[in-house]
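Trainee:
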Amino acid sequence: MEFARRGAKVVVNDLGGSGHGEGQNTSVAQKVVDEIAAAGGEAVANTNSVEDGGKIVETALDTFGRVDVVVNNAGILRDSAFHKLDEANWDLVYRVHLKGSFAVTRAAWEHMRQQGYGRILMTSSGAGVYGNFGQANYSTAKLGLHGLAQTLAIEGRAKGIHVNTIAPIAASRLTETVMHPKMLAGLKPELVTPLAVLLCSEGCTESGQFFEVGGGWVTRLRWEQSRGAQFDPAKGFSAEDLAKRWEEVQSFEDAYHPADFSHTLDVVGENIGVDISLAPQ
Numbered sequence: 013m014e015f016a017r018r019g020a021k022v023v024v025n026d027l028g029g030s031g032h033g034e035g036q037n038t039s040v041a042q043k044v045v046d047e048i049a050a051a052g053g054e055a056v057a058n059t060n061s062v063e064d065g066g067k068i069v070e071t072a073l074d075t076f077g078r079v080d081v082v083v084n085n086a087g088i089l090r091d092s093a094f095h096k097l098d099e100a101n102w103d104l105v106y107r108v109h110l111k112g113s114f115a116v117t118r119a120a121w122e123h124m125r126q127q128g129y130g131r132i133l134m135t136s137s138g139a140g141v142y143g144n145f146g147q148a149n150y151s152t153a154k155l156g157l158h159g160l161a162q163t164l165a166i167e168g169r170a171k172g173i174h175v176n177t178i179a180p181i182a183a184s185r186l187t188e189t190v191m192h193p194k195m196l197a198g199l200k201p202e203l204v205t206p207l208a209v210l211l212c213s214e215g216c217t218e219s220g221q222f223f224e225v226g227g228g229w230v231t232r233l234r235w236e237q238s239r240g241a242q243f244d245p246a247k248g249f250s251a252e253d254l255a256k257r258w259e260e261v262q263s264f265e266d267a268y269h270p271a272d273f274s275h276t277l278d279v280v281g282e283n284i285g286v287d288i289s290l291a292p293q
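This note's numbering puts the sequence shown at residues 13 to 293.
1. Report the start-end ranges of each beta strand (DSSP E) in the stretch 134-216 that is 3 residues or longer and not cut off at the edges.
2. Determine the direct distance from the alpha carbon of ALA86 to that of ALA20, and round the result to whole angstroms.
3. Does the stretch 77-93 come close enough to the stretch 140-159 that 3 or more CB-CB pairs lie under 8 Å?
4. Determine the DSSP secondary structure at ALA20, reduced to helix, strand or coil.
5. Quick check on ASN283: does DSSP put it in helix, strand or coil?
6. Taking the alpha-carbon positions, what's the GLU218 to LEU233 distance?
7. Can the beta-carbon of GLY304 be found closer than 8 Å to that of ALA165?
8. Could you pull the start and end residues of the alpha helix (DSSP H) that TRP102 belongs to?
9. Express the C-alpha separation of ALA100 and PHE15 in angstroms, rounding to a whole number.
10. Between the Cα of MET124 and the Cα atoms of VAL23, HIS174, VAL230, which residue gives the shortest distance?
11. Along the beta strand (DSSP E) that carries VAL79, what are the first and last residues, could you check?
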């Protein structure tokens, strides 16, 4: 609704299934399209599964002629303690969250590269960052999305494609069964929308970043890396040697905040006496 209010032509994709991924209802996406049209905006419904990401992007291209923004937000839950988690429920969650986001993004990627512009938003979760009991499948897929986003941010940079990740907490078909009604009342989806719109805007230069958002709070996450313990690589070291210096490994005093993998390569290179920036021969 907010994208359309600002003049975007929107493809509303929703299979219309349950929070567990069962069933299908074409009226779910169409209802949003009707609301957008009633407010004077332009939108079209698409009810394909995100596993068929190419069909979703085709809807945008066939209807509006291009694709500028992709918001990967589809998700289901199949919660289970790990010792009870079967392969079917592992695979289904992976296919919707991670493979589905890959499929939609991959279908849009070449069009964005050719036009020299794109904005992609991955929807992760605090469960992926911190873990959550009974959500091994969901947590794995959700943190995997951030890994995908970070690599795409690097690959898309020269082509004007920005890719970011959000971990929202909001009332939805997924959370309505696991959260207290008072929490749900305060976690309006509208309190997530501003961040999504900003990160997908033409003027936003952020890429490869990770944000948590919900209940009126917006915060950025970043990696923190301890100074660690360095040993002479020529002499090697034992587990006992490491145990004696374990506090150095664990201490975050004067910690690093690496922006990319090059920082780790620099530190390791310095320790082994090799300039990691040297091109392979």
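Yeah, the Cβ is synthetic: ideal placement off N, Cα and C, and Gly gets one too.
Bear in mind that the values here come from a model prediction, so they are computed numbers and not experimental data.
Mentor: Taking the definition as stated:
1. 173-180
2. 20 Å
3. yes
4. coil
5. helix
6. 13 Å
7. The structure shown does not extend to residue 304, since the chain is modelled only from 13 through 293, so no value can be given for it.
8. 99-106
9. 36 Å
10. HIS174
11. First-last for VAL79: undefined, no H or E at that position.
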